[in-house]
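Here's the structure we're looking at; comments come further down.
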Amino acid sequence: MATTTHREIERKYEATPTTELPSWSSVFDAEPVVHEQQLLATYLDTADLRLAGARITLRYRTGDDATGWHLKLPAGKDTRDEIQVRAEARDEPGPPPGELAELLRTITRDAPLQPIAELRTARRVLRWTDPAGRDLLDVTDDHVTARVLPDGPEHSWREIEVELGAEGDLRLLKKADAVLRRSGVQRSSSASKLARALGDRAPEQPKPVRAEATAGEVVVAYLRDQAAAIRRYDVEVRRDSEDAVHQLRVATRRARSALQAYGKLIDREQTRQLTDELKWLAGVAGPARDLEVLRARFGVAVQKQPVENVLGPVQPRLAAWFAPRQAEARTSLLRTLDSARYHALLDALDAVVADPPLTARAGRPAAKELPRQLARSFSRMQTHMDVADQHRGVERDVELHEGRKAAKRLRYATEGAEPVLGRDARKLISHTKKVQEVLGEHQDAVVAAPVLRELAIAAAGGGESSFTWGLLYGLEICTGVDEAALDPAWAGLRKAANKVCG
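Just so we're aligned: the sequence shown equals residues 42 to 543 in the numbering used here.
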């Protein structure tokens with residue numbers, strides 16, 4: 042079975058049986074190619090709709106040139122990644138391909154996938170292409186009849202979809218949106234056809250945090266978002282998507298930082314084990330992420346060197362050194378994502394979100410209580426930075442490294458408070474990130490130097506020149522903290538923190 046992947050960027054609109062499609066002459070000079078399709082789609086999910094709860098859809102569809110299995114994963118506003126596995130048309134979908142089921146293991150766990158809805162769509166497609174025949178934009182007029190399986194009643198509706206083609210850009214999408222809105226057509230309130238088909242059965246999606254929310258409500262909402270993000274990036278790690286390991290690690294650290302920074306709102310004793318397990322998960326993802334960072338860092342460093350300073354098979358040596366280590370780190374991480382310990386961690390995080398052990402403080406207004414908690418995180422960071430100012434050499438480096446970690450915790454905790462603290466919180470997040478970046482460059486150099494030394498030894502042992510590796514090693518060990526950048530960044534952070542924390 043052939044497998045393809047593409048990024049789908051589309052918008053959905055409500056339409057009535059009498060809605061007339063507008064003229065598209067303000068968007069395109071040429072007329073579209075028009076074709077019609079009769080589509081039959083069977084959607085699969087667990088009995089308790091775990092995929093739908095994660096805004097993931099899995100279907101088997103016939104009736105067009107993409108007959109087979111379609112897995113759609115959320116990838117941002119109006120955006121989804123679609124993985125298609127072509128298959129022969131048949132009356133019953135049968136079990137999904139193993140490669141798709143494997144991606145969804147953490148979402149579905151041991152629950153079987155079963156047909157949950159059937160949708161029949163009479164589709165009329167208007168397609169515009171460029172002079173070379175490449176797709177720019179599709180406007181589809183869909184008349185849908187759906188029923189929830191096994192024996193739900195049928196109901197019908199009409200909707201319009203506007204989807205960017207491979208060669209289209211967002212300006213086309215915006216122009217098409219303006220044309221439809223001027224004609225009286227409004228955006229759909231349903232995220233997908235399946236969500237509309239399920240109706241009241243569809244899992245409720247989280248609502249935005251209210252400005253008048255309690256401190257506990259804000260923190261729990263942030264933890265809920267991170268639990269969802271861990272699962273989302275679990276899928277992306279399995280796909281080997283770019284930056285997925287990093288984002289999985291970030292979501293894990295955000296959850297841990299929230300539990301630590303807001304320990305006076307969510308009982309620290311009752312969440313201590315969960316906090317430790319989140320640290321464990323971030324640590325397991327660490328080697329894979331560190332190797333990604335180092336490989337990219339060394340690649341850029343080599344490219345910056347004059348040709349005459351790159352002696353010997355430098356790039357092949359890099360590839361030979363990193364490839365087996367990255368493969369081993371990935372295998373270890375995937376093994377963790379399939380482990381009982383990891384699944385227990387997710388269950389524990391879900392339990393805290395569902396029934397949080399809130400303290401009395403958590404019932405106070407978030408706008409007043411969260412700044413008090415953030416002040417504690419800022420104070421911890423300030424202590425490390427003040428001690429660093431009193432030392433030089435290794436002792437200073439150690440304190441700055443601790444200061445960087447404290448800055449990261451402060452940043453993540455502030456992100457959780459941003460829905461109620463608004464602009465002031467966003468400024469603090471920005472300034473904290475700047476300090477992290479300045480201190481992070483030095484820390485990356487500390488990590489990189491011994492690896493370059495190892496590469497130099499391996500090159501020499503293989504009869505190759507070690508000149509380039511020695512040159513890069515020297516540059517790394519000379520990379521100290523950029524004091525000229527740190528001073529204003531730290532001053533900006535202090536000012537922003539004082540504004541938030543009072």
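Glycine is no exception: its CB is placed at the ideal position from the N, C-alpha and C atoms.
Beta-bridge partners of residue i, as assigned by DSSP
i	result
glutamate 200	Glu55, Asp183
histidine 111	Arg100, Gln125
glutamate 49	Arg121
valine 189	Ala158
tryptophan 65	DSSP, once it has assigned bridges, lists no residue as partnering tryptophan 65.
threonine 170	Asp176
arginine 228	Tyr54
threonine 60	Its beta-bridge partners do not exist; DSSP assigns none.
threonine 44	Val126
Environment of residue i [buried if 16+ CB atoms lie within 10 Å]
i	result
glycine 404	exposed
alanine 530	buried
histidine 76	exposed
threonine 46	exposed
serine 298	buried
lysine 468	buried
aspartate 183	buried
proline 137	buried
proline 412	buried
proline 58	exposed
glutamate 245	exposed
histidine 196	exposed
valine 74	exposed
alanine 217	buried
glycine 444	buried
glycine 543	exposed
glutamine 477	buried
Span of the alpha helix (DSSP H) around residue i
i	result
valine 334	309-345
valine 278	256-280
phenylalanine 363	355-378
glycine 94	91-94
arginine 402	Unbroken run through arginine 402: none, as it is neither H nor E.
arginine 290	285-302
glutamine 423	407-430
aspartate 391	381-395
lysine 248	That residue, lysine 248, is in no alpha helix (DSSP H); it is neither H nor E in DSSP.
leucine 211	211-223
7 Å CB neighbourhood of residue i in its chain, flanking five on each side removed
i	result
arginine 371	Ala329
glutamate 410	Ala256, Arg402
arginine 338	Asp485, Ala489
valine 259	Val250, Ala407, Leu411, Gly457, Ala458, Pro460, Val461
Limits of the unbroken beta strand (DSSP E) element including residue i
i	result
tyrosine 84	74-86
Residue i in three-state terms, based on DSSP
i	result
threonine 162	strand
glutamine 477	helix
aspartate 176	strand
tryptophan 531	helix
leucine 235	helix
arginine 146	helix
leucine 205	strand
threonine 520	coil
arginine 464	helix
glycine 135	coil
valine 348	helix
leucine 306	coil
proline 491	helix
arginine 452	helix
leucine 433	Contrary to the premise, residue 433 reads as arginine rather than leucine in this sequence. Here arginine 433 sits in coil by DSSP.
glutamate 140	helix
glycine 543	coil
aspartate 241	helix
glycine 504	coil
glutamate 195	coil
alanine 438	Note that residue 438 is aspartate in the sequence shown, not alanine. Reduced to three states, the DSSP call for aspartate 438 is helix.
alanine 526	helix
aspartate 70	coil
alanine 458	helix
alanine 537	helix
Cβ neighbours of residue i in the same chain (closer than 8 Å, five flanking residues each side left out)
i	result
leucine 512	Gln346, Asn350
glutamate 202	Glu51, Arg52, Lys53, Tyr54, Asp179, Val180, Thr181, Asp183
Neighbourhood of residue i by C-beta, 6 Å cutoff - its chain only, sequence neighbours within 5 removed
i	result
leucine 353	At residue 353 the sequence reads glycine, which differs from the leucine that was named. These residues qualify, in order along the chain: Glu505, Ser506.
alanine 537	Lys468, Leu469, His472
threonine 44	Val126
tryptophan 198	Val185
glutamine 311	Pro398
Interface flag, residue i vs chain C, CB-CB below 8 Å
i	result
valine 348	Looking for chain C here will not work: only one protein chain is present.
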